[in-house]
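Working notes, structure below.
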Ligand SMILES: Cc1cc2nc3c(=O)[nH]c(=O)nc-3n(C[C@H](O)[C@H](O)[C@H](O)COP(=O)(O)O)c2cc1C
Ligand code: SF4
Ligand code: SF4
Ligand code: SF4
Ligand code: FES
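Right, dumping it as structure tokens:
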């Protein structure tokens with residue numbers, strides 16, 4: 002397929018959608034599927050057929066819409082009306098009143114059981130109103146298994162623009178101007194990383210998409226891969242073009258079978274249309290992508306361990322320098338970015354780096370996807386501009402603490418992050434602000450805790466995770482996490498002493514500063530941050546055994 | 002030869018840019034403690050004893066894996082590093098079951114020497130006392146996991162020097178163990194050539210020949226280094 006044919010196909014796909022008066026999306030993300038959305042989809046398709054509405058109403062399985070706890074979710078477009086906890090028994094009634102009588106059934110709408118008055122247009126609901134979707138745009142509105150849906154939504158136009166209107170240097174300049182930072186955790190400037198890889202001269206370079214997502218409770222990358230795989234794929238091809246690579250790997254964890262299936266399907270579809278493979282769109286640029294499946298080790302999300310794993314070796318990190326940009330996969334210059342990072346590339350190329358940089362804060366541009374969980378009224382997947390305050394996320398979007406409880410702390414960054422106490426609810430969610438409080442942005446896990454949470458136990462839980470997930474290569478992490486865990490367990494069991502606490506603090510700093518890779522270097526963070534903000538709880542355990 | 006200027010502990014040196022910080026230090030009599038390093042095999046930066054401070058880099062880097070760079074300013078054995086080396090030594094001892102008085106390597110053990118070097122008068126952390134096996138299935142050699150510190154020198158020597166790849170690592174975290182083949186007794190290994198190189202590479206009393214008794218062990222890790230030097234020269 003060449004450029005003109007792509008444009009024609011996109012136009013045709015768009016026209017096809019415009020024939021329909023209505024579109025109904027049934028969420029077929031992993032979470033909604035587990036609550037029965039596939040049967041709902043089937044039943045709905047039958048219902049539309051029996052009513053003879055096939056030419057008027059388009060029914061599609063879509064990706065994640067966000068409020069996963071309320072699934073299965075069903076969305077009516079263009080009205081943006083979402084029904085929650087849909088089951089096969091109320092489909093007939095919903096179709097009858099929503100489509101035929103044009104009277105939504107209020108008690109079945111999203112959040113009907115908890116809001117005084119649910120919103121017919123979900124975009125007006127505070128859960129969605131405060132959000133801004135860039136990485137998740139189209140996720141939940143298109144069929145992830147159909148490339149034409151993506152094309153109709155403007156997909157692969159960024160790739161076309163990059164290939165035919167921009168040089169690799171110009172693509173990199175746009176990404177640099179966007180001031181986007183990597184969403185995998187460390188927040189390294191994406192444009193700078195691309196430029197570094199671009200500058201190395203080599204017969205072969207690689208692009209790797211990190212979809213290992215090992216933080217407990219995190220599902221941002223899974224949702225993107227499941228809901229809009231073509232977007233990630235497009236980002237990878239553009240990256241390949243920019244840095245001068247012809248081969249990409251998508252490393253996706255084995256626990257995500259649906260994400261793997263959909264990404265592999267996306268590769269097949271894109272290859273068929275000539276958007277991947279030899280001489281893409283008739284240009285002289287070729288790029289292939291292969292999927293590699295991770296075996297579920299947290300440490301394999303660390304870039305050098307991931308590379309070792311792709312090479313077929315034991316997945317353990319190695320010291321940097323040299324960084325992968327210089328010597329990565331098979332010793333060649335390698336660009337490695339996170340799923341969400343790649344998902345942000347197409348909009349940057351389409352709308353320009355400057356457009357992207359206008360959202361967010363001066364040092365943290367754009368938006369961030371969070372997996373909101375824990376003791377929060379409305380949990381799920383959200384995307385907000387960087388710099389949105391924690392308070393806005395918890396109380397406006399999340400509807401506050403469950404059962405009217407009191408907010409105690411928010412845990413960000415998973416096992417590598419820390420806890421933010423109530424007095425810092427007005428912290429801006431951006432890289433620097435979170436670091437200044439002793440936590441990190443991480444990949445976007447956000448767990449809300451109420452008064453029932455015991456912070457020493459929270460620290461112990463995350464230390465146990467790091468202890469179990471340590472690869473065992475270097476001494477500080479291998480033995481240090483075990484020692485810290487045992488000391489924390491001792492304090493939790495009310496057997497700790499002041500000396501234990503001193504040892505714990507000394508070990509924490511030691512492990513942080515001496516570990517070989519980021520896992521060990523950040524493993525003490527939950528401990529250090531709870532010590533900083535909730536020291537009283539530790540002392541209470543030691544002095545008063547409570 | 003092209004050289005670059007670097008500074009180590011206020012000493013100005015002109016060095017070969019292909020060398021690591023550790024190599025440069027060793028050539029210039031600057032002491033750096035090491036454990037997982039063995040000259041001749043590939044460095045992995047695992048024991049973290051050789052960490053150094055480098056101006057302008059906020060992380061401590063392992064001297065054995067970090068190449069020198071022009072105008073690099075390095076500090077070794079600072080108070081902070083010394084403190085960390087002592088903790089590392091203590092963690093080594095607390096991790097498995099080290100009873101020097103009854104160990105074949107007593108007096109000849111690199112771990113024991115490390116303890117003296119960092120002035121470890123006692124161990125402040127609780128001993129983990131894990132259950133460890135002693136594999137005596139090999140006709141001539143013994144593998145005692147109680148004394149193993151997971152430096153993987155044996156793994157690398159067997160793989161890189163002997164080319165047999167009998168040894169490898171299994172499990173994760175503090176559960177890691179050195180295994181022979183696919184975790185079968187050493188004596189049943191189909192890859193081991195019984196060359197004895199791992200014996201000499203091993204810094205502790207973990208691998209030793211059956212023919213000796215307590216305190217009689219002679220280890221010569223330098224034979225590995227010399228062998229590799231000779232191979233290089235032949236090339
Ligand atoms: C223990 C550990 C686990 C990690 N897990 C992930 C992961 O699951 N996904 C990810 O994208 N990055 C992960 N990272 C970060 C990667 O090493 C790397 O920095 C990232 O993929 C770079 O992409 P970015 O620049 O787009 O953020 C992890 C890092 C560490 C130290
Ligand atoms: S810090 Fe932990 S995970 Fe990283 S190399 Fe060391 S032992 Fe392995
Ligand atoms: S004796 Fe030689 S071949 Fe056998 S395990 Fe040791 S190094 Fe490998
Ligand atoms: S057996 Fe010896 S050489 Fe092998 S890892 Fe253990 S201590 Fe190191
Ligand atoms: S000698 Fe450098 S880390 Fe072990």
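Residue numbers (my numbering), protein chains in the order written: chain F, 2 to 547; chain V, 2 to 236. Backbone N, C-alpha and C define an ideal beta-carbon position, used for all residues, glycine too.
When rounded, the separation of the alpha-carbon atoms in residue 293 of chain F and residue 172 of chain V is 21 Å. If you check the C-beta of residue 289 of chain F against ligand 5, you find no heavy atom less than 7 Å away. Look at residue 35 of chain F: its C-beta is not under 8 Å from any C-beta on chain V.
Residue 376 of chain F has its alpha-carbon roughly 30 Å from the corresponding atom of residue 484 of chain F.
Taking 8 Å as the cut-off, the Cβ atoms of residue 7 of chain V and residue 53 of chain V do not count as close. For the pair residue 114 of chain V and residue 298 of chain F, the Cα-to-Cα distance works out to about 35 Å.
Look at residue 169 of chain V here: in three-state DSSP terms it is strand. Those residues of the region 50-62 of chain V placed with their C-beta closer than 9 Å to a C-beta in chain F are 50, 52, 60, 61 and 62, ordered along the chain. Rounded to the nearest angstrom, the Cβ distance from residue 99 of chain V to residue 65 of chain V is 24 Å, too far for a contact under 8 Å.
Cβ-Cβ separation between residue 215 of chain F and residue 254 of chain F: approximately 7 Å, consistent with a contact (criterion under 8 Å). Boundaries cannot be given for residue 282 of chain F, as no alpha helix (DSSP H) includes it and DSSP labels it neither H nor E. Near ligand 3, residues with a Cβ at less than 6 Å from any of the ligand's heavy atoms are V:158, V:159, V:163, V:165, V:167, V:168, V:193, V:194, V:195, V:196, V:197, V:198 and V:199; the list follows chain order.
Under DSSP, the beta-bridge partners assigned to residue 293 of chain F are F:252. Annotated as proximal: residue 218 of chain F and residue 415 of chain F, with beta-carbon spacing under 8 Å. Just so you know, the alpha carbons of residue 88 of chain F and residue 54 of chain F end up roughly 21 Å apart. With a cutoff of 8 Å on beta-carbon distance, residue 35 of chain F and residue 27 of chain F are scored as not near each other. Check the Cα spacing between residue 73 of chain F and each of F:66, F:85, F:476 and F:64: the tightest is with F:85. Separation of the CB atoms of residue 195 of chain F and residue 336 of chain F is rounded to 6 Å, and the pair is thereby assigned contact status at 8 Å.
Between residue 200 of chain F and residue 536 of chain F, the alpha-carbon positions lie close to 48 Å from each other.
Below the 9 Å Cβ cutoff, chain F contributes no neighbours of residue 80 of chain V, its closest Cβ being approximately 13 Å away.
Between residue 472 of chain F and residue 322 of chain F the beta-carbon gap is near 19 Å, outside 8 Å, which marks them as no contact.
For residue 422 of chain F, the closest C-alpha among the options F:534, F:118 and F:155 is that of F:534. With respect to chain F, the C-beta atom of residue 18 of chain V has no partner C-beta closer than 8 Å. Among the residues of chain F, those whose CB is under 8 Å from the CB of residue 48 of chain V are 475 and 476, following chain order. Taking 9 Å as the cut-off between beta carbons, the residues of the region 455-472 of chain F near chain V are 467, 468, 469, 470, 471 and 472, in sequence order.
Per DSSP, residue 243 of chain F is one residue of the alpha helix (DSSP H) stretching across 230-244. Secondary-structure assignment with DSSP links residue 76 of chain F through a beta bridge to F:26 and F:83.
The shortest CA-to-CA distance from residue 263 of chain F to any of F:147, F:210 and F:296 is the one to F:147. Within the same chain, and ignoring the five residues on either side of residue 208 of chain F in sequence, the residues whose Cβ sits closer than 6 Å to its Cβ are 237, 240, 241, 246, 249 and 336. Remark: the shortest separation between the CB of residue 475 of chain F and any heavy atom of ligand 2 falls under 7 Å. Residue 182 of chain V sits in coil when the DSSP states are folded into three classes, being neither helix nor strand.
Under a criterion of Cβ atoms nearer than 8 Å, the residues of chain F adjacent to residue 127 of chain V are, in order, 484 and 487. When 7 Å is used as the limit between beta carbons, residue 192 of chain V is near no residue of chain F, the shortest such separation being about 17 Å. Between residue 92 of chain F and residue 45 of chain F, the CB-CB gap stays under 8 Å. Excluding sequence positions up to five before and after residue 333 of chain F, its CB lies within less than 7 Å of the CB of 203, 205, 206 and 207, all in the same chain and listed in chain order. Residue 62 of chain F is a Cβ neighbour of residue 144 of chain F, given a cutoff of 8 Å.
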